[in-house]
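This report concerns only the one structure given below.
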Amino acid sequence: MIRVNNVKLKPGYKHGDVLEAIARQIKAPLTDVESFSEVKLSVDARNKKDVFYVATFDVAVKDERRYYSREHVSKCEKYEYEYPNPWREEHRPIVVGAGPAGLFAALILAYRGAKPLVIERGECVENRMNTVQTFWKTGRLNPESNVQFGEGGAGTFSDGKLNTGTKDTRQRKVLEEMVSAGAPKEILYKAKPHVGTDMLCVMVANIRKKIVEMGGEFIFNCRMDDIVIRNNSVCGIKTTQGDFETKTLILAIGHSARDTFKLVQKLNIPMERKPFSVGARIEHKKTDIDYAQYGDFAPLMEAADYKCNVKDRNGRGVYTFCMCPGGYVVASASECEGVVTNGMSNFARNGQNSNSALLVSVYPEDFDGSDPLSGMYFQRKLEKGAFYQAGADYKAPCQRVGDFFENKRTIDFGSVKPTYTPGVIPSDLNRLLPTHIAEGLKDAIVGFSRKIKCFNNPDAILTGVETRSSSPVRIIRNESFSSIIKGLYPCGEGAGYAGGIMSAAVDGIKVGEVCE
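Position one of the sequence shown corresponds to residue 23 (the numbering used here), numbered consecutively onward.
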């Protein structure tokens, strides 16, 4: 096999088109190209009049040595994950939280033979889906099992994007395990892979079953209420379903476990404030975004995404996050009397609208005092404000972009209709958001419209508030991933060391490899 890079393909390409493109790239007779497999696939849409794919393939050719020295050809490099040392301790490790970090930490521990116990305050993903659907339909919130809490974590109800800024090679291990658990094989080679909520639910359940087959155990509807510490070492935990002994405790609690953050503070486990972001969800018609990104090629392409960032008038970073092509804005509260928005897509990305979080950066110096949890309280204040502005029944305040710029309450919606359930209340987000946040959103909408022509469409809509893009705190750990408490390993997004499904899963693998 040889690896062939920089193969260009037109939208709508077929199998035979790929064979011909590979042959042209390596200057080979078509009959020499026997088979191929995808390694990487991305879109080049810089010129809207000439949109094309750029691909890398591993190719079987006749007499491959003839092609080693040719341009765009290299030798294949197969990734192999190096499994860590077997678990040699007598005690069983406990993982608190079954989101991406917790699941992959438990998976690696299971491979090591540790037979981990996973404690999850929410439900298994099958039951959790029904609970969340009930909340969206009726407004009846279960504070223990919702979009934030439950097997799969907050990322289960998202677009399921798997691209990340991390260069850690473990991300390949994450992708391979996901495919083994039922995710589509295309995530192994697409430059911007995604799974979608519908497939994430299947995949998460299968990863759990794999861990159980290797001797692991899951206890759902089980909230950790205390950590037992003696002589500066973990001895066990107290939960709503009893006490459990352990000398190894992985805290993969997610970014919304506010009661656990308060517990960590009470136990004097070092933690600190960290930057995060707040804002709203912005929705456009999917066809408008597709055309803005791909021009006349849009009908031949998959749903278009985007990723934008800018500095506002005050120098704050404003950016889009968790963009959901053909997706939906969803109710994501985990506390009573609070409105939280998020976005999700199914794998097909075939909804009428496309949405993303539009977020303004918030920094520790924005809050008075030194309380590590001050950012958390800021989030809660915004969420309660949104709850009461929209009528106190988990509907969300929503506003046309045109009205947002004119500082007036929306009366009715135009061409873009809200997708948020349990429903929206036409509102004025200027009365809800701090002035510098509202100004930042306006600056970003103007700035992003220079790149995406429809971004400042007056009929686009903003639904608030988006406050849970990342954790407002960081639980301090050392280079060995341990807290100052022996046997305590803060992990993933909630602990402040990740920002999305992939980076959280990679962090879980790292902790699963080294903990003892």
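By construction, the Cβ of each residue, glycine as well, lies at the ideal position given by its N, Cα and C atoms.
What distance in whole Å lies between the Cβ atoms of Asn429 and Asp450, which are believed to be in contact at a cut-off of 8 Å?
In the sequence shown, residue 450 corresponds to position 428, counting from 1. In the sequence shown, residue 429 corresponds to position 407, counting from 1. 7 Å between Cβ atoms; contact.
Provide the residue span of the alpha helix (DSSP H) that contains Lys288, from first to last.
On the sequence shown, position 266 is the one that residue 288 refers to. Looking at the DSSP string, the run of the alpha helix (DSSP H) that includes Lys288 is Arg280 to Lys288.
Give the DSSP bridge partners of Tyr442, in chain order.
Against the sequence shown, residue 442 aligns to sequence position 420. None; Tyr442 has no bridge partner.
Per DSSP, what are the beta-bridge partners of Asp265 in this structure?
Numbered from 1 along the sequence shown, position 243 holds the residue referred to as residue 265. BP columns for Asp265 point to Lys260.
Looking at the structure shown, is Thr53 part of a helix, part of a strand, or coil, going by DSSP?
Along the sequence shown, one-based indexing puts residue 53 at 31. DSSP places Thr53 in helix when its eight states are reduced to three.
Exposed or buried, what is Lys195 when buried is set at 16 or more other beta-carbons lying within 10 Å of its beta-carbon?
Position 173 of the sequence shown, counting from 1, holds the residue named residue 195. By the neighbour-count definition (other C-beta atoms within 10 Å, threshold 16), Lys195 is a buried residue.
Comparing alpha-carbon positions, which option in Val528, Val495, Thr261 and Tyr442 lies nearest Trp158?
Taking the sequence shown and counting its residues from 1, the one referred to as residue 158 is at position 136. Ranking Val528, Val495, Thr261 and Tyr442 by Cα distance to Trp158 puts Tyr442 first.
Of the residues Gly348, Pro444 and Lys417, which one's Cα is nearest the Cα of Val438?
Start at 1 with the first residue of the sequence shown, and residue 438 comes out as number 416. Comparing Cα-Cα distances from Val438 to each of Gly348, Pro444 and Lys417, the minimum goes to Gly348.
Who are the near neighbours of Ile565 in its chain, counting only those whose CB is closer than 6 Å to its CB and skipping five residues on each side?
Coverage of the chain is limited to positions 23 through 538, which leaves residue 565 absent and any answer about it impossible.
Whose C-alpha, out of Ile506, Val140, Arg422 and Ile483, is nearest the C-alpha of Arg252?
Numbered from its first residue, the sequence shown carries residue 252 at position 230. Comparing Cα-Cα distances from Arg252 to each of Ile506, Val140, Arg422 and Ile483, the minimum goes to Ile506.
Please go through the segment 80 to 163 and give each complete alpha helix (DSSP H) segment of 4 or more residues, from N-terminal end onward.
122 to 133 and 147 to 160
Which value, in whole angstroms, describes the spacing of the CA atoms of Phe343 and Lys329?
Here residue 343 refers to the residue found at position 321 of the sequence shown. Here residue 329 refers to the residue found at position 307 of the sequence shown. Taking the straight line joining both Cα atoms gives about 7 Å.
Which partner residues of Ile483 appear in the DSSP bridge assignment?
Looking up residue 483 in the sequence shown gives position 461. Beta-bridge pairing links Ile483 to Glu305 and Arg422.
The beta strand (DSSP E) that contains Leu380, what's its start and end?
Your numbering for residue 380 matches position 358 in the sequence shown. Asn375 to Val384 is the extent of the beta strand (DSSP E) around Leu380.
So, at 6 Å on beta carbons, what are the nonlocal neighbours of Ser64 in its own chain, with the 5 sequence-adjacent residues on each side left out?
For the purposes of this step, residue 64 is taken as residue 42 along the sequence shown, with counting starting at 1. Once the five neighbours on either side are set aside, the close Cβ partners of Ser64 are Val76 and Ala213.
How long is the line joining the alpha carbons of Glu535 and Arg110, rounded to whole angstroms?
Here residue 535 refers to the residue found at position 513 when the sequence shown is read from its first residue. Here residue 110 refers to the residue found at position 88 when the sequence shown is read from its first residue. Rounded to the nearest angstrom, the two C-alpha atoms are 13 Å apart.
Under the three-state reduction of DSSP, which class applies to Asp393: helix, strand or coil?
Position 371 of the sequence shown holds residue 393. Shown here, Asp393 sits in coil according to DSSP, grouped into three states, outside any helix or strand.
What are the start and end residues of the beta strand (DSSP E) that includes Thr219?
Position 197 of the sequence shown holds residue 219. Premise fails: Thr219 lies in the alpha helix (DSSP H), Thr219 to Glu235, not in any beta strand (DSSP E).
Inspect the beta-carbon positions of Glu208 and Glu60 and report whether they are closer than 9 Å.
Indexing the sequence shown from 1 puts residue 208 at position 186. Indexing the sequence shown from 1 puts residue 60 at position 38. Contact flag set, yes.
Could you give the DSSP three-state label for Met524: helix, strand or coil?
For the purposes of this step, residue 524 is taken as residue 502 along the sequence shown, with counting starting at 1. Looking at Met524 - three-state DSSP - the assignment turns out to be helix.
Sort Gly407, Val226 and Ile523 by Cα distance to Glu488 and report the nearest one.
The sequence position of residue 488 within the sequence shown is 466, counting from 1. For the residues Gly407, Val226 and Ile523, the minimum Cα distance to Glu488 belongs to Gly407.
Just how far apart, CA to CA, sit Ser167 and Ala526?
Translated into positions along the sequence shown, residue 167 becomes position 145. Translated into positions along the sequence shown, residue 526 becomes position 504. So the alpha carbons of these two residues sit roughly 20 Å apart.
Under a three-way DSSP split, which group does Ser299 fall into?
Residue 299 sits at position 277 when you count from the first residue of the sequence shown. Correct three-state label for Ser299: strand.
Of all the options Ala50, Lys49 and Val29, which has the alpha carbon lying nearest to the alpha carbon of Val40?
Translated into the one-based positions of the sequence shown, residue 40 becomes position 18. Comparing Cα-Cα distances from Val40 to each of Ala50, Lys49 and Val29, the minimum goes to Val29.
Would you check if the distance between the CB atom of Val83 and the CB atom of Glu56 is smaller than 9 Å?
Position 61 of the sequence shown, counted from the first residue, corresponds to residue 83. Position 34 of the sequence shown, counted from the first residue, corresponds to residue 56. Yes, the pair counts as a contact, with Cβ atoms nearer than the cut-off.
Can you list, in chain order, the residues of its chain with a C-beta nearer than 7 Å to that of Cys244? Leave out the 5 residues immediately preceding and following it.
As a first step, residue 244 is located in the sequence shown; it is residue number 222 there, counting from the start. So the list reads Ile141, Glu142, Arg143, Thr261, Thr262 and Gln263, once near-sequence residues are dropped.
Rounding to the nearest angstrom, what Cα-Cα distance links Tyr399 and Glu387 in this structure?
For the purposes of this step, residue 399 is identified with residue 377 of the sequence shown, where counting begins at 1. For the purposes of this step, residue 387 is identified with residue 365 of the sequence shown, where counting begins at 1. If you take the alpha carbons of Tyr399 and Glu387, they lie about 14 Å apart.
Given Thr186, which residues of its chain have a CB within under 7 Å of its CB, disregarding the five upstream and five downstream residues?
Within the sequence shown, the letter at position 164 stands for residue 186. Around Thr186: Gln193, Gly522, Met524 and Ser525.
Would Phe319 pass as a contact of Ala43 if the rule is Cβ separation under 9 Å?
Counting from 1 along the sequence shown, the entry for residue 319 is found at position 297. Counting from 1 along the sequence shown, the entry for residue 43 is found at position 21. No; because the gap between Cβ atoms is not below 9 Å, this pair is not in contact.
Return helix, strand or coil for Ala353, following the three-state DSSP convention.
Indexing the sequence shown from 1 puts residue 353 at position 331. It is a strand residue.
Find the nearest neighbour of Gln374 within the set Val382, Asp390 and Cys346, judged by alpha-carbon distance.
On the sequence shown, position 352 is the one that residue 374 refers to. Measuring from the Cα of Gln374, the nearest candidate turns out to be Cys346.
Is it true that the segment 474 to 490 meets the segment 296 to 304, where meeting means three or more beta-carbon pairs spaced less than 8 Å apart?
yes
Do you know how far the Cα of Ile498 is from the Cα of Arg422?
For the purposes of this step, residue 422 is taken as residue 400 along the sequence shown, with counting starting at 1. For the purposes of this step, residue 498 is taken as residue 476 along the sequence shown, with counting starting at 1. Cα to Cα, Arg422 sits roughly 41 Å from Ile498.
In the DSSP assignment, find the alpha helix (DSSP H) that holds Ile459 and state where it starts and stops.
Looking up residue 459 in the sequence shown gives position 437. Its alpha helix (DSSP H) spans residues Thr457 to Phe470.
Would you kindly report the start and end of the unbroken alpha helix (DSSP H) that includes Glu42?
Start at 1 with the first residue of the sequence shown, and residue 42 comes out as number 20. Its alpha helix (DSSP H) spans residues His37 to Ile48.
Mapping the DSSP letters down to three states, classify Asp415 as helix, strand or coil.
What you label residue 415 is simply residue 393 of the sequence shown in a count that begins at 1. Residue state, collapsed to three classes: coil.
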